[in-house]
Amino acid sequence: MITAEELRQVQIFECLEEPERQRLAQKAADVRLSPGDWLIREGETSSFYVILEGRLGLSKDILGRVQEFTQYEYKGGDFFGEVPILLGTPSLVSLKAITDCRIARFDRQQFQALIRDSEKCSAMIMQKMNERLGRVQQFAAETPPSRVLIVGSQYDLDCRDIRTFLSMNRIPYEWLDRDNEFDRIPTCMPANLQGPAVVVDRAFWVPQPPTVRKVAEALGLRTMPTKQHYDVVVIGGGPAGLAAAVYGASEGLCVLLVERNAAGGQAGTSSRIENYLGFPNGISGDELTERAVRQAGQFGAEMVLTREVGNIESMSMPDGGPGYCVELDGGDRVTSKTVILATGVDWRRLEANGVDRLIGRGVLYGAARTESPTVIGKDVFIVGGGNSAGQAAMFFSSYARSVTIVVRGAGLELSMSQYLIGQIAGKRNITIEPFTQVVSVNGEDHLESICTTTSGEAPRTRKADALFVLIGADASTDWLPATLQRDERGYVCTGRDVSDLPSWDGKRTPFLLETNLPGFFCAGDVRHDSIKRVSSGVGEGSMAIAFVHQYLALDSPRLRAN
Ligand SMILES: Cc1cc2nc3c(=O)[nH]c(=O)nc-3n(C[C@H](O)[C@H](O)[C@H](O)COP(=O)(O)OP(=O)(O)OC[C@H]3O[C@@H](n4cnc5c(N)ncnc54)[C@H](O)[C@@H]3O)c2cc1C
Numbered sequence: 159m160i161t162a163e164e165l166r167q168v169q170i171f172e173c174l175e176e177p178e179r180q181r182l183a184q185k186a187a188d189v190r191l192s193p194g195d196w197l198i199r200e201g202e203t204s205s206f207y208v209i210l211e212g213r214l215g216l217s218k219d220i221l222g223r224v225q226e227f228t229q230y231e232y233k234g235g236d237f238f239g240e241v242p243i244l245l246g247t248p249s250l251v252s253l254k255a256i257t258d259c260r261i262a263r264f265d266r267q268q269f270q271a272l273i274r275d276s277e278k279c280s281a282m283i284m285q286k287m288n289e290r291l292g293r294v295q296q297f298a299a300e301t302p303p304s305r306v307l308i309v310g311s312q313y314d315l316d317c318r319d320i321r322t323f324l325s326m327n328r329i330p331y332e333w334l335d336r337d338n339e340f341d342r343i344p345t346c347m348p349a350n351l352q353g354p355a356v357v358v359d360r361a362f363w364v365p366q367p368p369t370v371r372k373v374a375e376a377l378g379l380r381t382m383p384t385k386q387h388y389d390v391v392v393i394g395g396g397p398a399g400l401a402a403a404v405y406g407a408s409e410g411l412c413v414l415l416v417e418r419n420a421a422g423g424q425a426g427t428s429s430r431i432e433n434y435l436g437f438p439n440g441i442s443g444d445e446l447t448e449r450a451v452r453q454a455g456q457f458g459a460e461m462v463l464t465r466e467v468g469n470i471e472s473m474s475m476p477d478g479g480p481g482y483c484v485e486l487d488g489g490d491r492v493t494s495k496t497v498i499l500a501t502g503v504d505w506r507r508l509e510a511n512g513v514d515r516l517i518g519r520g521v522l523y524g525a526a527r528t529e530s531p532t533v534i535g536k537d538v539f540i541v542g543g544g545n546s547a548g549q550a551a552m553f554f555s556s557y558a559r560s561v562t563i564v565v566r567g568a569g570l571e572l573s574m575s576q577y578l579i580g581q582i583a584g585k586r587n588i589t590i591e592p593f594t595q596v597v598s599v600n601g602e603d604h605l606e607s608i609c610t611t612t613s614g615e616a617p618r619t620r621k622a623d624a625l626f627v628l629i630g631a632d633a634s635t636d637w638l639p640a641t642l643q644r645d646e647r648g649y650v651c652t653g654r655d656v657s658d659l660p661s662w663d664g665k666r667t668p669f670l671l672e673t674n675l676p677g678f679f680c681a682g683d684v685r686h687d688s689i690k691r692v693s694s695g696v697g698e699g700s701m702a703i704a705f706v707h708q709y710l711a712l713d714s715p716r717l718r719a720n
């Protein structure tokens, strides 16, 4: 417990009367840290901290990389937290104990009472706050705007994939369109280079030809598992997979998450998720993802990106217990007692002439936010009448000259949420074309026009700069073991749907999210009969972990990773 006498030793409290110090001491939390413990992490809500003993180091995430600022060490007598509290922001930096530390922590109300009741304390705090804000200003001026420079054409598929990957990982990049901004291309770039070129941290040229994986590696993102054996391998880094990774790691399991592209899944491409609990103003998919990835990392989940799982086989573990061998593209393998499949769904293909030839060249599946600069002032078409199409229309309408939503049915009422229909109605540059289908897409090198038919009318060809296809999605599960039970559309069956199958061994009832292969669980959109929502994916991912625990407990000593 912190005493008034201990507070008196700290400069900021010297000026207080004894009864005030007594009051504060009674309310202060006595925080003790060992070397390496975090006091606060960047992005968290701050309290007011006064350091009594020990030393803490300051670090900050700069463009996706954590940088330590050794020149700003905190020690006995220093205080921290006034800037985020007074500005109403999350903490701008992280503080970690270098030595054993003892810290008095005050909540927001106690801090506010302190600056209200003591002029001297208030003056000291404000002076310190001004100093720190000056540093923030200097820091903002000195920080480069991006870590990655990409030079490439708008219609180059590798260039688009790299941009999408960086955007989904919230890594700031600068893209120079080789065809339209040649005067800005750095002179150090080889003149005869074909295809895109990527420079990381202004110094490192990603080897030619640059790929998403090479860029990820150049940025220091993990693309290889570090262990041979895990308690649980989670396949897919959408909301379901991320929730499984967070809950699994936070509950002490050794977790590997494998994601073929960037974490976030479909939700990561959503410009605004408005129905996720706790975010009354909505939250963008990439922000939700960034928070979840940070959380999973803090709990120690291992996440490898740009790696696709191509095969899973049942096997006997070295200790004789059952398990799975999970094979990544390129042949790398890991073993695990349990698997959680959270691979979501893939966009359904549009049946119209010319589509395959122009994919990535104006015709796009989904609606990545990275496309916003490419549609400025252009005429954009969106095929589909669901919420994802509505969100895409709203998002692109702030950039494009016109957005036309093409729907086969009578309108949006049956397929889109009312709040989106209302928002779309308020946008003058969005038009809805009911009873309409795209028959063909045309263009030499990239999309130039589309031909549509509207019931009862002659086909119509119009200029089109971009066509976003969001007509629903299907499960892509052909690569999974043939013995894994799926429904006729490829969605994976679990729980009651597999308990009576001959392929279930019948010795116990399968867990709710367990497939017909014991210890092989499934969560989120890829699961048969699941509710296709972010919140249900998150719910199922976390529930799957509870079942993993119960499964491992069936034969606990042999089923745990060492
Ligand atoms: C544009 C858009 C807007 C949406 N808006 C909302 C909304 O506002 N509210 C809402 O509740 N829902 C919304 N949804 C639906 C919601 O995003 C999905 O229901 C949710 O993302 C499903 O989560 P999931 O984890 O099951 O799958 P997904 O999000 O699809 O994630 C699956 C992940 O698995 C990866 N993967 C697939 N196969 C492999 C493999 N073999 N190896 C490794 N990785 C693999 C994929 O790359 C992907 O990242 C929206 C969807 C879209 C497309």
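Going letter by letter, the sequence shown gives residues 159 to 720 in our numbering.
Don't be surprised by glycine CBs; every beta carbon is placed ideally from N, CA and C.
DSSP, read as helix, strand or coil, puts Val696 in helix. At a threshold of 7 Å, Pro383 does not count as near ligand 1, since its beta carbon sits no closer than that to any of the ligand's heavy atoms. Spatial neighbours of Ala186 in its own chain (CB-CB distance under 7 Å, excluding positions within 5 residues in sequence) are listed in chain order as Ile160, Ala262, Arg263, Phe264. Straight-line measurement puts the Cα of Thr652 at about 6 Å from the Cα of Leu670. For Asn288, the uninterrupted alpha helix (DSSP H) segment begins and ends at 277-300. Residue range 618-621 is occupied by the beta strand (DSSP E) that includes Arg620. Judged by their CB atoms, Thr562 and Phe593 are not nearer to each other than the 8 Å cut-off. Below 8 Å, too few C-beta pairs join the stretch 425-436 and the stretch 488-495 to call them touching: fewer than three. Between the alpha carbons of Glu445 and Thr641 lies a gap of roughly 38 Å. If you draw a straight line from the Cα of Asp477 to the Cα of Asp258, it is about 41 Å long. Fully contained in the stretch 578-648 are the following beta strand (DSSP E) runs of length 3 or more, in chain order: 588-591, 594-600, 607-612, 618-621, 624-627. The beta carbons of Leu508 and Ile431 sit no closer together than 8 Å. A straight line joining the alpha-carbon of Ser280 with that of Leu291 spans about 16 Å.
Under DSSP, Phe238 forms a beta bridge with Tyr207. Relative to the non-hydrogen atoms of ligand 1, the Cβ of Asp632 never comes closer than 7 Å to any of them. Shown here for Thr322: same chain residues with a beta carbon closer than 6 Å to its own, the five before and five after excluded, namely Ala526, Thr528 in chain order.
Note that the stretch 201-218 touches the stretch 239-248; at least 3 beta-carbon pairs, one per stretch, sit closer than 8 Å. According to the DSSP assignment, Pro480 belongs to the beta strand (DSSP E) that extends over 480-486. Bounds of the beta strand (DSSP E) holding Gln229 are 223-233.
Only buried fits Asp319, as 16 or more other CB atoms lie within 10 angstroms of its CB.
The beta carbon of Ala633 is closer than 6 Å to those of Val503, Gly648, Tyr649, Val684 in its chain, skipping five residues each way along the sequence. For Leu414, the uninterrupted beta strand (DSSP E) segment begins and ends at 413-416. Around the beta-carbon of Pro367, fewer than 16 other beta-carbon atoms lie within 10 Å, marking it exposed.
Within the same chain, and ignoring the five residues on either side of Glu375 in sequence, the residues whose Cβ sits closer than 8 Å to its Cβ are Thr381.
Rounded to whole angstroms, the Cβ separation of Glu698 and Ser688 is 7 Å, and the two are in contact under 8 Å. The Cβ atoms of Gly215 and Ile256 sit closer than 8 Å to each other. Annotation for Ser700 indicates a beta carbon at 7 Å or more from all heavy atoms of ligand 1.
Segment contact: the stretch 383-402 against the stretch 695-711, three or more CB-CB distances shorter than 8 Å; contact assigned. Residue state for Arg666 is assigned as coil, using DSSP reduced to three classes. Look at the beta carbons and you see the stretch 398-409 touching the stretch 436-456: at least three pairs across the two are nearer than 8 Å. Note on geometry: alpha-carbon atoms of Cys412 and Ile498 lie some 13 Å from one another. Note that the stretch 571-590 touches the stretch 547-562; at least 3 beta-carbon pairs, one per stretch, sit closer than 8 Å. A distance below 6 Å between beta-carbons, with the five flanking residues on each side excluded, links Val357 to the following residues of its chain, in chain order: Leu307, Trp363.
For Ala376, there is no enclosing beta strand (DSSP E); the residue is part of the alpha helix (DSSP H) that begins and ends at 370-376. 8 Å or more divides the Cβ of Leu486 from the Cβ of Val373.
Each residue's CA atom was taken as its position, placing Ser474 and Ala402 some 24 Å apart.
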